[in-house]
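K.L.:
Residue numbers (the numbering used here): 122 to 315.
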Ligand SMILES: Cc1cc2nc3c(=O)[nH]c(=O)nc-3n(C[C@H](O)[C@H](O)[C@H](O)COP(=O)(O)O)c2cc1C
C-alpha cells in the first residue's frame with residue numbers, strides 16, 4: 122500500500138508575523154505535504170506591511186488556496202480527510218472565534234471541523250501583552266487538545282539571524298504533526314556541574 126500524502130490546512134490571519142505562515146508553506150512543500158491555504162482579509166494587510174511577498178506568490182506555495190468566504194470549499198467538511206490545521210500567525214480575533222465555536226468563515230469553520238473530527242489544530246497565537254480574555258480563550262482550547270504555539274523565540278540554539286528564529290518556531294510546531302524538518306539544531310543536553 123502506498124503511504125498516503127499528508128494534508129495540512131494552513132491559515133494566515135491578521136496577527137503580526139505573516140512570515141511564519143509563509144515559511145510553513147515553504148517547508149511543507151519541501152516535505153511533500155499537501156497544503157490547503159486560507160488567507161484572511163486582514164492578513165492581506167499584514168503580508169503587504171511586513172513582507173515582500175505578493176498574495177499570488179504565497180498562493181503558489183500552496184497546493185490549494187481558498188477565499189475565506191468560500192464556505193462550500195471541500196475543507197469545510199469533515200468528510201474531506203486532512204491530518205490537521207495550523208493557523209500561523211493566529212490573531213486574537215480568530216482565536217476568540219474558534220474558542221467560541223463561531224463558524225462564520227472558512228477559517229473558523231475549518232478549525233471547528235478539525236476539532237470535531239479530533240484532528241490536530243495548532244494556533245501560532247501572537248499578541249502582547251495578553252489579556253485575561255486572550256488567556257481564557259487559549260486555556261479553553263488547550264483543555265480540549267488544541268496546541269497553543271506562540272512563536273516565542275528560544276535562545277538555547279544560539280540564533281544569529283531572523284531566519285533562525287522563524288525556523289525554530291515553525292519546526293517546533295511541525296514536530297506536533299510528526300513532520301520532520303532539518304531546520305533546527307536539536308538540544309543535545311548540557312553537562313551540569315551542580
Ligand atoms: C500591521 C498589523 C499588525 C497586527 N498585529 C496583530 C497581532 O499581533 N495580534 C492580533 O491579534 N491582531 C493584530 N492585528 C489586528 C488584526 O489584524 C485584527 O484584529 C483583525 O480583525 C484580525 O482578523 P482575522 O483574524 O480575520 O485575520 C494587527 C493588524 C495590523 C494592521
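Glycine is no exception: its CB is placed at the ideal position from the N, C-alpha and C atoms.
Owing to the predicted nature of the structure, the values given are computational and were not obtained by experimental measurement.
Do three or more CB pairs link the segment 124 to 131 to the segment 202 to 209 at distances below 8 Å?
P.N.:
Yes, the segment 124 to 131 touches the segment 202 to 209.
K.L.:
Per DSSP, which residues does residue 157 bridge with? Please list them.
P.N.:
130, 185.
K.L.:
Can you give the Cα-Cα distance for residue 175 and residue 295, rounded to whole angstroms?
P.N.:
Cα-Cα distance, rounded: 24 Å.
K.L.:
Any residues whose CB sits closer than 6 Å to a heavy atom of ligand 1? List them in chain order?
P.N.:
Per the Cβ criterion, the list is 134, 135, 136, 137, 161, 163, 164, 166, 167, 170, 212, 213, 214, 215, 247, 248.
K.L.:
Quick check on residue 227: buried or exposed, where buried means 16 or more other Cβ atoms within 10 Å of its Cβ?
P.N.:
That one is buried.
K.L.:
I need the DSSP call for residue 320, collapsed to helix, strand or coil.
P.N.:
Because the chain is modelled from 122 through 315, residue 320 falls outside the range shown and cannot be assessed.
K.L.:
Is the CB-CB distance between residue 273 and residue 144 below 8 Å?
P.N.:
Their beta carbons are not under 8 Å apart, which means residue 273 does not touch residue 144 by this criterion.
K.L.:
Have a look at residue 232 and residue 301 and give me their C-alpha separation to the nearest angstrom.
P.N.:
The alpha-carbon atoms of residue 232 and residue 301 are separated by roughly 23 Å.
K.L.:
Hey, residue 189 and residue 162: beta-carbon distance below 8 Å or not?
P.N.:
Yes.
K.L.:
Do residue 139 and residue 130 have their CB atoms nearer than 8 Å?
P.N.:
Their beta carbons are not under 8 Å apart, which means residue 139 does not touch residue 130 by this criterion.
K.L.:
For residue 254, count neighbouring C-beta atoms within 10 Å of its own C-beta (all shown protein chains included) and say buried if the count is 16 or more, exposed if not.
P.N.:
By the 10 Å Cβ count, residue 254 comes out exposed.
K.L.:
Please name the residue, chosen from 182, 209, 235, 197, that lies closest to residue 164 on a Cα-to-Cα basis.
P.N.:
Ranking 182, 209, 235, 197 by Cα distance to residue 164 puts 209 first.
K.L.:
Could you name the residues of the same chain whose beta carbon sits closer than 6 Å to that of residue 157, not counting the 5 residues immediately before and after it, in chain order?
P.N.:
Closer than 6 Å at the Cβ level, and outside the excluded window around residue 157, lie 130, 185, 196.
K.L.:
How about residue 263 and residue 269: are their beta carbons less than 8 Å apart?
P.N.:
Cβ atoms of residue 263 and residue 269: closer than 8 Å.
K.L.:
For residue 277 and residue 181, I'd like the C-alpha separation in whole angstroms.
P.N.:
Cα to Cα, the separation comes out at about 34 Å.
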